[in-house]
Amino acid sequence: GRRRPAGRTRGRARGGSAAVRQSQMVNPGKVLKARKSKRQSLHDKHKIAKKVREHQRKIRRDAKRGIVKGRKKKDPGIPNSWPFKAQLIEEQRAQREAQVLAMADAREAKKRERAAARAADDALQRASQTAARGRRDAKRKAAAFLPLHDVLADAALVLLLLDARDPLACRCEALEAALRECDKPYALVLTKADLVPAANLTAWLGWLGGRAPALAVAAEAADAAVGLAPLLALLEAATASAGGRDLTVGLVGFDGVGKRSLLRSARALTEAGGPALSRVAWLAKPARLQPLSTSLGVNDVLLRKATAEAVPQPEMAAAAVVERCDRRALLKHLQIAAFGTDEEFLARFAARVGAETPRAAAVAALRHWARGEMPFFTRVAEDETPTGEEQAAAAAAVALLGVAATKAVVRAARGVAALARAEPEGCVALAAGEAEEIDLSAEEEWGEADAA
Numbered sequence: 005g006r007r008r009p010a011g012r013t014r015g016r017a018r019g020g021s022a023a024v025r026q027s028q029m030v031n032p033g034k035v036l037k038a039r040k041s042k043r044q045s046l047h048d049k050h051k052i053a054k055k056v057r058e059h060q061r062k063i064r065r066d067a068k069r070g071i072v073k074g075r076k077k078k079d080p081g082i083p084n085s086w087p088f089k090a091q092l093i094e095e096q097r098a099q100r101e102a103q104v105l106a107m108a109d110a111r112e113a114k115k116r117e118r119a120a121a122r123a124a125d126d127a128l129q130r131a132s133q134t135a136a137r138g139r140r141d142a143k144r145k146a147a148a149f150l151p152l153h154d155v156l157a158d159a160a161l162v163l164l165l166l167d168a169r170d171p172l173a174c175r176c177e178a179l180e181a182a183l184r185e186c187d188k189p190y191a192l193v194l195t196k197a198d199l200v201p202a203a204n205l206t207a208w209l210g211w212l213g214g215r216a217p218a219l220a221v222a223a224e225a226a227d228a229a230v231g232l233a234p235l236l237a238l239l240e241a242a243t244a245s246a247g248g249r250d251l252t253v254g255l256v257g258f259d260g261v262g263k264r265s266l267l268r269s270a271r272a273l274t275e276a277g278g279p280a281l282s283r284v285a286w287l288a289k290p291a292r293l294q295p296l297s298t299s300l301g302v303n304d305v306l307l308r309k310a311t312a313e314a315v316p317q318p319e320m321a322a323a324a325v326v327e328r329c330d331r332r333a334l335l336k337h338l339q340i341a342a343f344g345t346d347e348e349f350l351a352r353f354a355a356r357v358g359a360e361t362p363r364a365a366a367v368a369a370l371r372h373w374a375r376g377e378m379p380f381f382t383r384v385a386e387d388e389t390p391t392g393e394e395q396a397a398a399a400a401a402v403a404l405l406g407v408a409a410t411k412a413v414v415r416a417a418r419g420v421a422a423l424a425r426a427e428p429e430g431c432v433a434l435a436a437g438e439a440e441e442i443d444l445s446a447e448e449e450w451g452e453a454d455a456a
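Going letter by letter, the sequence shown gives residues 5 to 456 in the numbering used here.
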């Protein structure tokens, strides 16, 4: 065949080899893009630094708490060749048991501390609540009562209220003497007559009647007209003796004798009592007598519903009440065994109510009496015959009140059986209490000029 030209063949051969070489060459740009850079971005740098700081912070925290992380080294134990190995093992066991007991004691001590702290907080809270309640009561009483000076100055007839359960504890002879000196008519009124036996009420009216005009009422009776009939009879007689003038009546007494309840009932009855009582005017509020002693005593517990927890030295207060009580009636009421001393009484009563300490038993007993759960009355004083001074005081009081009003009081005393309890069953007899002194110095300005 024909032979191709040598030049053309060589040219194509050179051209072909160049194309091959060009196809086999590597693009430098692509190579640079495919290789990863060893430079670290700022995001990764700060992220790693933050994790390192967090890790180091956790390590410091665990070191403060005594936490050791990681695998603990295993205790290799005591080699068998160690001398006295059994004795050493026994000592270690005893140390572990002592450590466990110490930890248990520490837990119990912490529990007791927490319980004591809670008890202290509760006691503080109760004390603050009691103080706040006392302040509220004081404000309420200040708003509910008139000053004693105003009542004594404005009233034409003063009624001194006594609790029929213990009249002597509610009597104020100094105030009676001041009324007589200023020629102010007054009368003793035994309230709550329905809470004592009829014989006891009659005896007290006879004893007090020999010293001042005295009558009994029962403002809380089912029929108020019957309960206040003696008082209405006295007011009718006193109005008739007033010579056509209005009769202004004021009530005075210690806390708990029933001043406000008597005022409400008597005012309602006098307003509906007809012409005979139309000229009777009641002062808007009664006056309260405040004892000189600010601490709570037996009279506050038995007659004034005092808070038992606020009584100082509750053991002594409970012993004073027990000493005044008839022993057999008290045992029957409380349903406890006989006792000889005050400590035995507290022990018997603690077993009955579940008190843990003698002080808790005394507080429980005072609370029982303060709530009125034990019906009681006081025996009449032994000195039944009035002395010469008492007879003179009674004559002066009768002269101030008037003969007609005094006769009305005497007639009312005969029907006292309709007011009192039928039987003394269930009541505990107590010895008569002692009268409390009051401060009359605030009434120095009140004198004869106020008696008109």
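Here a beta-carbon is modelled for each residue, glycine too, at the ideal position from N, C-alpha and C.
Using three-state DSSP, classify residue i as helix, strand or coil.
i	result
Arg375	coil
Leu300	coil
Val253	strand
Asp167	strand
Thr195	strand
Arg4	The structure shown does not extend to residue 4, since the chain spans only 5 to 456, so no value can be given for it.
Phe149	coil
Phe353	helix
Arg292	strand
Pro316	coil
Leu219	strand
Ala455	With a pLDDT of 40 at Ala455, under the threshold of 50, the predicted position of this residue should be treated as unreliable, though the coordinate-derived value follows. Looking at Ala455 - three-state DSSP - the assignment turns out to be coil, as it is neither helix nor strand.
Ala159	coil
Val284	strand
Pro201	strand
Cys329	strand
Thr382	strand
Which value, in whole angstroms, describes the spacing of the CA atoms of residue i and residue j?
i	j	result
Leu255	Gln133	32 Å
Ala455	Leu166	Confidence at Ala455 is low in this model, with a pLDDT of 40, below 50, so its placement is unreliable and the value that follows should be read with caution. Distance between the alpha carbons of Ala455 and Leu166 is about 23 Å.
Leu235	Glu224	14 Å
Ala148	Ala424	29 Å
Asp141	Lys309	13 Å
Glu440	Glu180	14 Å
Phe258	Gly210	22 Å
Gly81	Arg57	39 Å
Pro390	Ala417	19 Å
His50	Arg43	14 Å
Gln103	Val367	43 Å
Ala403	Thr410	9 Å
Ala178	Ile442	8 Å
Glu275	Leu205	29 Å
Lys115	Pro87	43 Å
Gln91	Arg97	10 Å
With a threshold of 6 Å on Cβ separation, who are the neighbours of residue i within its own chain once the five nearest residues in sequence on each side are excluded?
i	result
Glu240	Ala280
Val305	Leu370, Trp373 and Ala374
Leu434	Arg328, Cys329, Phe380 and Thr382
Asp346	Ala323
Cβ of residue i within 8 Å of Cβ of residue j?
i	j	result
Lys145	Arg292	yes
Arg283	Asp250	yes
Val315	Ala323	no
Lys263	Pro295	no
Val221	Val193	yes
Val326	Gly437	no
Ala408	Ser265	no
Gly213	Glu394	no
Leu219	Pro189	no
Val155	Leu287	yes
Pro217	Val413	yes
Leu405	Ala191	yes
Lys196	Ala228	no
Val261	Cys176	no
Phe343	Arg332	no
Quick check: does the Cβ of residue i come within less than 7 Å of any heavy atom belonging to the ligand MN?
i	result
Arg65	By its list of ligands, the structure shown contains no ligand whatsoever, and the ligand MN lies outside what it can speak to.
Near residue i, which residues of its chain fall below 7 Å by C-beta distance, leaving aside the five closest residues on each side in sequence?
i	result
Lys54	none
Glu388	Trp211
Pro171	Leu194, Trp208 and Leu212
Just to confirm my understanding: we take residue i, look at its own chain, exclude 5 residues before and 5 after, and list those with CB closer than 8 Å. What are they?
i	result
Asp198	Ala222, Glu224, Ala225, Gly231, Leu423, Ala424 and Arg425
Gly430	His337 and Pro379
**4-residue-minimum alpha helix (DSSP H) runs that sit fully inside the stretch 395-450, ordered along the chain** = 407-418
**Message:** To test your reading of the DSSP string, which unbroken beta strand (DSSP E) runs of 3 or more residues are found completely within the stretch 75-139?
**Reply:** none
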